[in-house]
Amino acid sequence: MAELRQMTWISSNREDGAKILHLRIGNNAWKPYSATPHAVPDYKISGGSKGWATYQELSKAGWTLVDSETALAPPVLTSAVVEGEESIAIGQFLTF
Numbered sequence: 012m013a014e015l016r017q018m019t020w021i022s023s024n025r026e027d028g029a030k031i032l033h034l035r036i037g038n039n040a041w042k043p044y045s046a047t048p049h050a051v052p053d054y055k056i057s058g059g060s061k062g063w064a065t066y067q068e069l070s071k072a073g074w075t076l077v078d079s080e081t082a083l084a085p086p087v088l089t090s091a092v093v094e095g096e097e098s099i100a101i102g103q104f105l106t107f
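Position in the sequence shown (first residue = 1) + 11 = this note's numbering.
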């Protein structure tokens, strides 16, 4: 089963509140796109969104966009029994 590859736009710590692209693979923490090997050079446009070129490339490659509110929400813990094994679902990830 392929790992989830997700993207989201999260506000930076800048005063203007601009959002930058963050990436996550599997259930790892969100990282700014520029801190990953998946980053594509930004367009040289004054005031352009940081990560827009990366978003376009990864979107074409099948990455999923997650809304910011969902991305920043704490994981929800639930439990289930799957094929006789107890499992715990953390957010949208199921672990055994």
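Think of the CB as a built atom: it goes at the ideal place given N, C-alpha and C, for glycine as much as any other residue.
The beta carbon of Ala82 sits closer than 6 Å to the beta carbons of Thr19 from its chain, once the five residues preceding and following it are set aside; these are given in chain order. Here the alpha carbon of Leu69 sits roughly 21 Å from the alpha carbon of Gly58. With fewer than 16 other Cβ atoms inside 10 Å of its own Cβ, Gln67 counts as exposed. Beta-bridge partners of Ile31 (DSSP): Ile21. Taken in chain order, the complete beta strand (DSSP E) segments of 3 residues or longer contained in the stretch 27-89 are 30-36.
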